[in-house]
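First residue of the sequence shown: 47, per my numbering; consecutive thereafter.
Heads up, the beta-carbon is just placed ideally off N, CA and C, and yes, glycines get one too.
Fair warning: this is a prediction, and the values are worked out from it, not measured in the lab.
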Amino acid sequence: MGRGKIVIRRIDNSTSRQVTFSKRRNGLLKKAKELAILCDADVGLIIFSSTGKLHDYASTSMKSIIERYNKMKAEHYQLHDPTSEIKVWQREASNLRQQLQYLQGSYNQLLGEEISGLNIKELQNLENKLEMSLKGVRVKKEQTLNEQIKELNQKGNHFHQENIELYKKMNLLVQENAELQKKVYGLGSTSVANTVPLIMHSINNEYILQVPTNLELCQPQKQKYETPKDVVKLGLQLQQ
47 MGRGKIVIRR IDNSTSRQVT FSKRRNGLLK KAKELAILCD ADVGLIIFSS
97 TGKLHDYAST SMKSIIERYN KMKAEHYQLH DPTSEIKVWQ REASNLRQQL
147 QYLQGSYNQL LGEEISGLNI KELQNLENKL EMSLKGVRVK KEQTLNEQIK
197 ELNQKGNHFH QENIELYKKM NLLVQENAEL QKKVYGLGST SVANTVPLIM
247 HSINNEYILQ VPTNLELCQP QKQKYETPKD VVKLGLQLQQ
């Protein structure tokens, strides 16, 4: 014989009502725990008896669950209430205006303006902020200068190496030019010695070049001798 269907209504007998409450409360708490474990859900259960006694269960934290519930309820309400959404944006705009005014006042105080109403403690705090800001600026400035000096040193070393290579190439070209001039003028010609540049290498790898401004191959020029005028006059006198 099966169990009869229970009519869901208030139990008049206080004793039976209390017994039923205890049994169903324990069953409800058990189901809440099983739901939280099996489904990895955040479960919060609050029960007040007819006598005002509290019975609760929370899978994580009752406070966090209630806060989450209130937040979700407020968002759901705002989505369905345009007036409430407008109020939220108005409140957000008001907060932003207040933050802007505060930041503008702080900026003016850092510039030395609007400080007439500050007391000694506020002035001291402002001075400390300025000193910290100045210290940070100096540190950044020193860091930037060191980076620029390092970069310039690297460029200087690079240019120095290029300069050395250029001097080596110049030295090679001068030697080749000297060999060509030897072939043209001959080994004993003094013009070769006059056209060969003097290259001095110092200990610090610094070079001093004394190179002719224009190096080129050319044919030797014939010298023209002019007869002195006195000799011509003397010959004429002897003929007379």
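DSSP places residue 182 in the uninterrupted alpha helix (DSSP H) bounded by 166-231. Judged by DSSP secondary structure, residue 93 falls within the beta strand (DSSP E) whose first and last residues are 90-94. By the C-beta density criterion, residue 116 is exposed, having fewer than 16 other C-beta atoms within 10 angstroms. Of the other Cβ atoms in all chains shown, 16 or more fall within 10 Å of the Cβ of residue 227; this residue is therefore buried.
Per DSSP, residue 87 is not a residue of any alpha helix (DSSP H), being assigned neither H nor E. About 12 Å separates the Cβ atoms of residue 104 and residue 93, ruling out a contact at the 8 Å cut-off. In this structure, DSSP gives residue 100 an extended state, which the three-state scheme calls strand.
Shown here, residue 83 sits in a helix according to DSSP, grouped into three states.
Taking C-alpha positions only, residue 221 is separated from residue 214 by approximately 11 Å.
A straight-line Cα-Cα distance of about 24 Å links residue 148 and residue 181. Taking a contact as a CB-CB distance under 8 Å, the pair residue 142 and residue 155 does not count as one, their CB atoms being some 20 Å apart. The three-state reading of DSSP puts residue 51 in coil, since its state is none of H, G, I, E or B.
Note that the C-beta distance between residue 88 and residue 106 is below 8 Å.
Residues of the same chain with a CB within less than 7 Å of the CB of residue 57, apart from the 5 flanking positions on each side, are 63 and 66 in chain order.
Closest in alpha carbon position to residue 101, among 119, 73 and 113, is 73. When DSSP states are grouped into helix, strand and coil, residue 56 belongs to the coil group. In this structure, the alpha-carbon of residue 168 lies about 16 Å from that of residue 179. Spatial neighbours of residue 75 in its own chain (CB-CB distance under 6 Å, excluding positions within 5 residues in sequence) are listed in chain order as 103. Note on geometry: alpha-carbon atoms of residue 160 and residue 151 lie some 8 Å from one another. Excluding the 5 residues flanking it on each side, residue 90 has same chain C-beta neighbours closer than 8 Å at 102, 103, 104, 105, 108, 111, 112 and 115, in chain order. Exclusion of the five residues before and after residue 81 leaves 87 and 89 as the residues of its chain whose Cβ lies within less than 7 Å of its Cβ. Residue 223 counts as buried, since no fewer than 16 other beta carbons sit within 10 angstroms of its beta carbon.
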